[in-house]
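Numbering (this note's numbering), first residue to last: 52 to 178.
Set out below in C-alpha cells:
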C-alpha cells in the first residue's frame, strides 16, 4: 500500500471592500452534531469596512448546509427590512454558493429555504 503524506497549506483570507454605494453581507454558521446545536451570524459592512449591523442567534439544530442557507436568508431579510440598497452576499460554503448559482442541484431538504433566498436575492440589485 502506498504511503500518503498530508500537505499542510495556509491561505490568507482577506476581506475585499465593496464598490461605492454597495454594502456587503458576510454570513457564516456553526452546526455541532454531537451537541445538536446550530448558530448563525453575519455582518454588514460598507466599502470602508465600517460596521453597519451585525446579527447572531441560535437556531434549531440542522445540518451545516441548512444553517448556511438559514444565515444567508436571515441576512437578506434584515437587509430588506432595513432597505439598504445594493448588496453583495459573501459566504464560505462553496456547496451553497454553487447551489445558489445553479451549478448544483438543490437537495430536497433545502428546497424551501433555497427558493425563498433566490426570490429575495433576485429582487435586489446585487453582484
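Cβ atoms here follow ideal geometry from the backbone N, Cα and C, with glycine treated the same way. The model shown is predicted, which means the values in this text are computed figures rather than measured ones.
Look at the alpha carbon of residue i and the alpha carbon of residue j, and state the distance between them as a whole number of angstroms.
| i | j | result |
| --- | --- | --- |
| residue 122 | residue 99 | 23 Å |
| residue 167 | residue 138 | 17 Å |
| residue 150 | residue 156 | 6 Å |
| residue 80 | residue 54 | 35 Å |
| residue 186 | residue 85 | Beyond the ends of the chain as shown, which are 52 and 178, falls residue 186; an answer cannot be given. |
| residue 68 | residue 148 | 19 Å |
| residue 163 | residue 61 | 36 Å |
| residue 114 | residue 160 | 10 Å |
| residue 57 | residue 124 | 36 Å |
| residue 152 | residue 142 | 12 Å |
Just list the residues that DSSP pairs residue i with in beta bridges.
| i | result |
| --- | --- |
| residue 95 | 76, 104 |
| residue 180 | Look at the range of the chain in this structure, 52 to 178, and you will see that residue 180 is not part of it. |
| residue 110 | 89 |
| residue 141 | 77 |
Considering only their Cβ atoms, is the gap separating residue j from residue i smaller than 8 Å?
| i | j | result |
| --- | --- | --- |
| residue 188 | residue 165 | Given a span of 52 to 178 for the chain in the structure shown, any question on residue 188 remains unanswerable. |
| residue 107 | residue 82 | no |
| residue 103 | residue 74 | yes |
| residue 78 | residue 93 | yes |
| residue 120 | residue 76 | no |
| residue 112 | residue 88 | yes |
| residue 72 | residue 136 | yes |
Does DSSP put residue i in a helix, in a strand, or in coil?
| i | result |
| --- | --- |
| residue 124 | helix |
| residue 65 | coil |
| residue 56 | coil |
| residue 164 | helix |
| residue 169 | helix |
| residue 131 | helix |
| residue 157 | coil |
| residue 71 | coil |
| residue 174 | coil |
| residue 152 | coil |
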